[in-house]
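The next block holds one structure in the form of structure tokens; read it before the comments.
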Amino acid sequence: MPKLPKLSGSEVVKALERMGFHQARQRGSHVVMKKVLSQGAVGCVVPMHREVATGTLHGLLKQAAVSPEDFMANL
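As structure tokens, then:
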């Protein structure tokens, strides 16, 4: 598994949008991203911080059913 870089919340949102996710809504400093798959919808909550912690990013990708390799390819 590749080591994930330190990214801002907006960089994470842009990468997820390249992967087919869209912004469902935003409340405060958190954006909800959704994507409809054949198995159903998946989503994740992205904190719009200057720097998203690596552990938070791992949890985000797991929640969105995205592998770190696919995510890194879309940065």
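In terms of this note's numbering, the sequence shown is residues 70 to 144.
All C-beta atoms in this analysis are idealised placements derived from N, C-alpha and C, irrespective of residue type, glycine included.
Since the model is a prediction, treat every value here as computed from it, not as a measurement.
The bridge partners DSSP lists for M102 are Q92, C113.
In the three-state scheme derived from DSSP, where H, G and I count as helix and E and B as strand, L144 is classed as coil. Counting only the Cα atoms, P74 lies some 13 Å from N143.
Linking G124 to G89 through their CA atoms gives a straight-line distance of about 23 Å. DSSP lists no bridge partner for V81. Excluding sequence positions up to five before and after P137, its CB lies within less than 7 Å of the CB of M70, P71, L73, L130, all in the same chain and listed in chain order.
DSSP places L73 outside both helix and strand once states are collapsed to three, so it counts as coil. With fewer than 16 other Cβ atoms inside 10 Å of its own Cβ, A134 counts as exposed.
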